[in-house]
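Residue numbers (our numbering): 66 to 154.
The block underneath contains the structure these notes are about, expressed in structure tokens.
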């Protein structure tokens with residue numbers, strides 16, 4: 066059985082947004098904070114997870130990630146309002 070994948074959006078310093086995919090969003094966020102995530106988040110420190118959407122597999126999460134990355138900042142903010150992050154802890 067394949068793992069559930071998540072599309073996530075981070076708010077970074079300066080209010081910019083970073084979009085990525087992961088099986089464990091909180092673990093991936095910790096990697097971004099430690100400077101071991103994406104190149105983008107090494108120069109723009111992530112401040113919080115703002116949105117998460119669930120997908121049944123990596124392929125569909127990757128397609129959604131690509132589509133969201135093509136959107137305007139306003140559209141990304143609408144996505145964040147539609148899929149707000151709820152901390153498990």
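Glycine included, each C-beta is placed from N, C-alpha and C at the ideal position.
*Candidates 100, 88, 68 and 117: which alpha carbon is nearest residue 145's?*
Along the chain shown, one-based indexing puts residue 145 at 80. Considering only alpha carbons, the answer is 117.
*Out of curiosity, what's the CA-to-CA distance linking residue 76 and residue 142?*
Taking the chain shown and counting its residues from 1, one reaches residue 76 at position 11. Taking the chain shown and counting its residues from 1, one reaches residue 142 at position 77. Approximately 10 Å, taken between the alpha carbons.
*In the DSSP assignment, what residue or residues form a beta bridge with residue 120?*
The sequence position of residue 120 within the chain shown is 55, counting from 1. DSSP, once it has assigned bridges, lists 70 as partnering residue 120.
*CA-CA distance, residue 86 and residue 151?*
Walking along the chain shown from the start, residue 86 turns up at place 21. Walking along the chain shown from the start, residue 151 turns up at place 86. If I take the Cα positions, the gap works out to 16 Å.
*Whole-Å CB distance - residue 84 paired with residue 97, under 8 Å assumed*: Counted from its first residue, the chain shown places residue 84 at position 19. Counted from its first residue, the chain shown places residue 97 at position 32. Their Cβ separation, rounded to whole angstroms, is 12 Å, which puts residue 84 and residue 97 out of contact at 8 Å.
*Proximal residues to residue 113 (C-beta, below 6 Å), its chain only, five neighbours per side dropped*: One-based indexing of the chain shown puts residue 113 at position 48. Cβ within range, chain order: 76.
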